[in-house]
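Single-structure report; data block below.
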Amino acid sequence: SIRLGSVAALVLLLATGGFGCSDSDSGGPPPPSRFVACVDDLTGQADGTVADLKTGLLWERKNGAFAPGVIAVCTDDPCSDPHDVSNQYRLSAVTPGDLRGNAVNFLVSLNAGPGFAGYKNWRLPDISELQSIMVGPGVTKVASGDPLAGNNPTGQSDILCQADAPCIDAEFTAVGGATAPSNYWSKTVPSSSPPLNPSRYAWVAKFSNGDVVFALQTVDAFVRAVRVGPCTP
């Protein structure tokens, strides 16, 4: 015979959904992705930008596939495609500490005319903004010159990433295009020593091992532009 207590327990389970049905079991929508490929309202096509719904940042999407033997070191004459993932730039090509280098020329090309994706305020990211899409031990590393560095508000994994892949959030890669497993410039200049003469350096995110370090502004590194704001102008 069935005990009354067993019947009561079964009724309670049915009333509260206690059998553990998930959204996938019930056909509900999956949780939204943190990163969204933005679309041009007029054409309905992707406009080359990626919105981060967690940070409110809008990132440049890079074109092409990275190949170590195909690196374009861009000089003061802009490279033909500023969005090519293989382009490298110096932060300061003139004098150490002078930020008029060809990485700035890259930004000029994005902000010229109507502006890339309709915006004219593209810039290089702070080092904390690069940390927000990186994975690896550097996401919690403090970097002088950026008070937000190392806070890791997006909860990026700080586990050492695989050496054969860029140390970047996989969800970002799905919509943001390729990333070189190498150094990416930030606009953050160290505010104190080390290094000696900190104004000659800037922080870079090492997508080769998930770390952040400072580098002389006259060396070549990769870039990805960013701005604050949503998809639609």
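In the working numbering, each number is its position in the sequence shown, counted from 1, plus 1.
Quick reminder that beta carbons are idealized off the backbone N, C-alpha and C, glycines included.
Using three-state DSSP, classify residue i as helix, strand or coil.
{"i": "residue 24", "result": "Only weak support is given to the placement of residue 24: the predicted model assigns it a pLDDT of 46, under 50, and the value that follows is read from those uncertain coordinates. Residue state, collapsed to three classes: helix."}
{"i": "residue 58", "result": "strand"}
{"i": "residue 178", "result": "coil"}
{"i": "residue 128", "result": "helix"}
{"i": "residue 217", "result": "strand"}
{"i": "residue 152", "result": "coil"}
Rounded to the nearest angstrom, what separates residue i and residue j at their Cα positions?
{"i": "residue 113", "j": "residue 93", "result": "20 angstroms"}
{"i": "residue 54", "j": "residue 36", "result": "6 angstroms"}
{"i": "residue 208", "j": "residue 121", "result": "27 angstroms"}
{"i": "residue 67", "j": "residue 230", "result": "28 angstroms"}
{"i": "residue 48", "j": "residue 197", "result": "42 angstroms"}
{"i": "residue 188", "j": "residue 91", "result": "12 angstroms"}
{"i": "residue 194", "j": "residue 214", "result": "13 angstroms"}
{"i": "residue 171", "j": "residue 111", "result": "26 angstroms"}
Going by CA-CA distance only, name the one from the options that's closest to residue i.
{"i": "residue 201", "options": "120, 217, 222, 43", "result": "217"}
{"i": "residue 270", "options": "204, 73, 116, 72", "result": "Outside the shown range of the chain (2 to 234) lies residue 270, about which nothing can therefore be said."}
{"i": "residue 132", "options": "34, 220, 184", "result": "184"}
{"i": "residue 141", "options": "126, 197, 158", "result": "158"}
{"i": "residue 135", "options": "62, 188, 160, 228", "result": "160"}
{"i": "residue 62", "options": "117, 110, 70", "result": "117"}
{"i": "residue 224", "options": "87, 232, 215", "result": "87"}
{"i": "residue 42", "options": "70, 76, 32, 119", "result": "119"}
{"i": "residue 125", "options": "104, 110, 64, 80", "result": "104"}
{"i": "residue 138", "options": "52, 206, 39, 56", "result": "206"}
{"i": "residue 102", "options": "222, 227, 39, 232", "result": "222"}
Would you say the beta carbon of residue i comes nearer than 7 angstroms to a heavy atom of the ligand COA?
{"i": "residue 155", "result": "The model depicted lacks the ligand COA and carries no ligand whatsoever."}
(request) Determine contact between the stretch 162-171 and the stretch 141-154, defined as no fewer than three beta-carbon pairs at a distance below 8 angstroms. (result) No: the two stretches stay apart, fewer than three of their Cβ pairs being nearer than 8 angstroms.
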